[in-house]
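Mapped onto numbering that gives the first Met the number 0, the consecutive letters of the sequence shown carry residue numbers 0 to 126. Report on one structure; see the data block that follows.
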Amino acid sequence: MKDYKVNTAITFHTGFDDRECNCLMYEGMKEKIKHDIQTALLNDESLKGYITSDLTLRFLDGYKVRVEYEFSCYDDNEQEAEGFSNYCVKGVQSGLEELGYRMESISSKAEEMDMGWLDELESMVFR
C-alpha cells in the first residue's frame with residue numbers, strides 16, 4: 000500500500016434558475032452557499048481526516064459552484080484512492096441536497112505522494 004494525493008473537484012448546482020429575481024438574489028447568497036458547502040465537507044466525519052488542503056470554491060456560470068481540494072489516503076493503487084475519495088464525498092451528498100445543492104460531478108485524480116524524505120529519515124535514524 001502507498002500514500003496517495005487525490006486532487007478532487009466537485010461541481011454543484013445551487014438550485015437557482017434564470018428568473019430575474021433569482022439573478023439579483025444569487026449575488027447576495029454566495030457567502031451562504033460557500034459557508035454551507037464548506038461546513039458540510041469539513042465537518043463530515045469520513046472526510047475531515049483526509050482533506051489535506053484548503054477548500055477552493057469558484058462560482059461558475061449557470062448558478063454552479065466548483066469545490067477543489069486535496070484528499071490524502073493510504074491505498075493499494077490510484078483507482079482505489081480515487082474510489083475512496085469519491086465514496087467519502089457521497090457521504091455529504093444527501094445533506095447538501097437537502098439544502099438545495101445538487102451534486103453534478105465529481106472529478107478525482109490520484110498520484111503517488113513523494114515519500115523519499117521518509118526513506119532518507121529512516122536511513123539516518125536506523126544506521
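Virtual Cβ for every residue (Gly too), placed ideally from N, Cα, C. What you are looking at is a predicted structure, and each value in this text was computed from that prediction instead of being measured.
One or two residues paired with residue i in a DSSP bridge
{"i": "D43", "result": "DSSP output for D43 lists no bridge partner at all."}
{"i": "M28", "result": "In DSSP, M28 forms no bridge with anything."}
{"i": "A109", "result": "V5"}
Cβ neighbour criterion (16 or more within 10 Å) applied to residue i
{"i": "L23", "result": "exposed"}
{"i": "T55", "result": "exposed"}
{"i": "V88", "result": "buried"}
Per-residue DSSP class, three states only, for residue i
{"i": "F15", "result": "coil"}
{"i": "F125", "result": "coil"}
{"i": "D35", "result": "helix"}
{"i": "Y194", "result": "Outside the displayed span of the chain (0 to 126) sits residue 194, for which this structure offers no information."}
{"i": "L59", "result": "strand"}
{"i": "S104", "result": "strand"}
{"i": "Y86", "result": "helix"}
For residue j and residue i, believed in contact at Cβ under 8 Å, the rounded distance
{"i": "C72", "j": "Y49", "result": "6 Å"}
Cα-Cα separation, residue i to residue j
{"i": "V64", "j": "K4", "result": "23 Å"}
{"i": "V66", "j": "R126", "result": "45 Å"}
{"i": "E103", "j": "T10", "result": "5 Å"}
{"i": "D74", "j": "L41", "result": "22 Å"}
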